[in-house]
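Structure first, then comments.
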Amino acid sequence: MSERNNLFPVFLKAEELKILLVGGGNVGLEKLEAILKNSPNAKIKIVAEEFRRKEIGDLARDNGNLQLYERAFTEEDLDSVDLVMLATDSRDLHIQIRALAKKRSLLVNVADTPDLCDFYLGSTVTKGSLKIGISTNGKSPTLSKRMRQYLEETIPDDIDNLIVKLVEIRKQLKGDFDFKVNQLNEITASWLKKNKEDQ
Ligand SMILES: C[C@@]1(CC(=O)O)c2cc3[nH]c(cc4nc(cc5[nH]c(cc(n2)[C@H]1CCC(=O)O)[C@@](C)(CC(=O)O)[C@@H]5CCC(=O)O)C(CC(=O)O)=C4CCC(=O)O)c(CCC(=O)O)c3CC(=O)O
Ligand SMILES: NC(=O)C1=CN([C@@H]2O[C@H](COP(=O)(O)OP(=O)(O)OC[C@H]3O[C@@H](n4cnc5c(N)ncnc54)[C@H](O)[C@@H]3O)[C@@H](O)[C@H]2O)C=CC1
């Protein structure tokens, strides 16, 4: 029997949290872009001895929510942050920072070391209010990326119209909880059926 993915997915309000990112090289940039793609107003403190000046420098100049510190990590960097993401080129440093962060009960992602991660980034598909997160349990980011591309192509771009309509119907439905659940299930079942027939 192959391994099952036991990760528990959540959708973070990243724009209401403060994220510390240590490391500003290729991997740091990739993780920074992943956060901003989903949560453009996320507040991120980036600490790196050196960083990809063109890309990260430009991003920070245009975005007041990014604080860039060009220096080595210090323990105080963990003060008043909610999440920690590590993307340096030093495994020892990652182990050391992770230990300091765990003392403060912070959740840590170590981009290049799944074993040291409390959580993984996933690929994400966003269409209006709909967001789908994809995980391969840390096994194959490439498959995550391909699944994202597949879903991006397959899910109609106007799916948000359906959500907008359902919000209205949900507001207008009168009756007890069970009645509302039944009605909403009926409406969406017919939508699924129609979609299948169209294919
Ligand atoms: C565990 C995890 C930790 C984390 O970063 O949170 C992790 C770890 C590692 N990634 C590595 C490499 C690559 N990462 C990507 C891409 C993405 N990586 C992402 C997430 C994750 N990467 C988490 C697991 C996600 C899951 O469970 O599926 C995505 C989904 C999200 C994002 O970062 O935005 C994003 C796709 C976004 C999109 O396009 O949709 C590509 C593909 C490419 O760039 O084309 C490659 C090169 C090909 C390859 O190696 O597969 C290596 C180096 C291996 C080595 O040393 O060679 C490690 C370390 C290791 O595995 O040991
Ligand atoms: N670049 C890639 O696509 C891949 C990278 N990796 C691994 O991931 C790790 C990171 O890779 P890259 O981002 O390419 O490395 P990089 O060398 O471009 O970036 C490392 C970053 O860590 C920073 N750093 C180092 N020590 C620091 C400290 N004490 N305090 C603050 N910042 C510090 C550096 O200033 C730099 O910004 C490496 O271990 C690499 O082997 C693995 C697979 C692919």
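Just so we're aligned: 151 in full-length UniProt numbering is position 151 of the sequence shown, and the numbers increase by one with no gaps anywhere. For every residue, glycine included, the Cβ atom is placed at its ideal position computed from N, Cα and C.
If you pair each beta-carbon of the stretch 56-68 with each one of the stretch 31-42, do three or more pairs fall below 8 Å?
-> Result yes; three or more Cβ-Cβ pairs closer than 8 Å.
Per DSSP, what kind of secondary structure is residue 81 in: helix, strand or coil?
-> Three-state result, residue 81: coil.
Determine the DSSP secondary structure at residue 133, reduced to helix, strand or coil.
-> Note: residue 133 maps to strand in three-state DSSP.
Let me know the beta strand (DSSP E) ranges lying completely inside the stretch 44-115, each 3 residues or longer, listed in chain order.
-> When DSSP assignments are scanned along the stretch 44-115, the uninterrupted stretches of beta strand (DSSP E) that are 3 or more residues long and fall wholly within it turn out to be 66-69, 83-86, 107-110.
Sorry if obvious, but does the Cβ on residue 26 come closer than 6 Å to a heavy atom of ligand 2?
-> Yes; taking the cut-off as 6 Å, the Cβ of residue 26 has a heavy atom of ligand 2 nearer than that.
Tell me whether residue 178 is buried or exposed, calling it buried when 16 or more other Cβ atoms sit within 10 Å of its Cβ.
-> Classification for residue 178: exposed.
Alpha helix (DSSP H) segments (min. 4 residues) lying fully within the stretch 132-199 | Listed in chain order, the alpha helix (DSSP H) runs fully inside the stretch 132-199 are 141-154, 159-172, 177-198, counting runs of at least 4 residues.
Quick one: using the 10 Å Cβ neighbour count with 16 as the cut-off for buried, is residue 169 buried or exposed?
-> Burial call: exposed.
With a CB to CB cut of under 6 Å and the five nearest residues on each side skipped, what residues in its chain are close to residue 9?
-> Same-chain partners within the cutoff: 133.
Beta carbon of residue 127, beta carbon of residue 155: below 7 Å?
-> Yes, these two residues count as a Cβ contact at 7 Å.
For residue 19: DSSP bridge partner residues | Its beta-bridge partners are 44, 83.
So, do the stretch 147-154 and the stretch 102-120 have three or more beta carbon pairs nearer to each other than 8 Å?
-> The stretch 147-154 is not in contact with the stretch 102-120.
Can you give the Cα-Cα distance for residue 51 and residue 24, rounded to whole angstroms?
-> C-alpha of residue 51 to C-alpha of residue 24: approximately 4 Å in a straight line.
Beta bridge counterpart(s) of residue 123 as assigned by DSSP | Note: residue 123 sits in a beta bridge opposite 134.
Unbroken alpha helix (DSSP H) run spanning residue 34, endpoints = Residue 34 -> alpha helix (DSSP H) spans 26-38.
Would you mind sorting residue 19 into buried or exposed? The rule is 16 or more other CB atoms within 10 Å of its CB.
-> Counting Cβ neighbours within 10 Å, residue 19 comes out buried, since at least 16 surround it.
Should residue 192 be labelled buried (16 or more other beta-carbon atoms within 10 Å of its own) or exposed?
-> Exposed is the call here.
Could you tell me whether the Cβ atoms of residue 101 and residue 108 are closer together than 7 Å?
-> In this structure, residue 101 sits near residue 108, with a CB-CB distance shorter than 7 Å.
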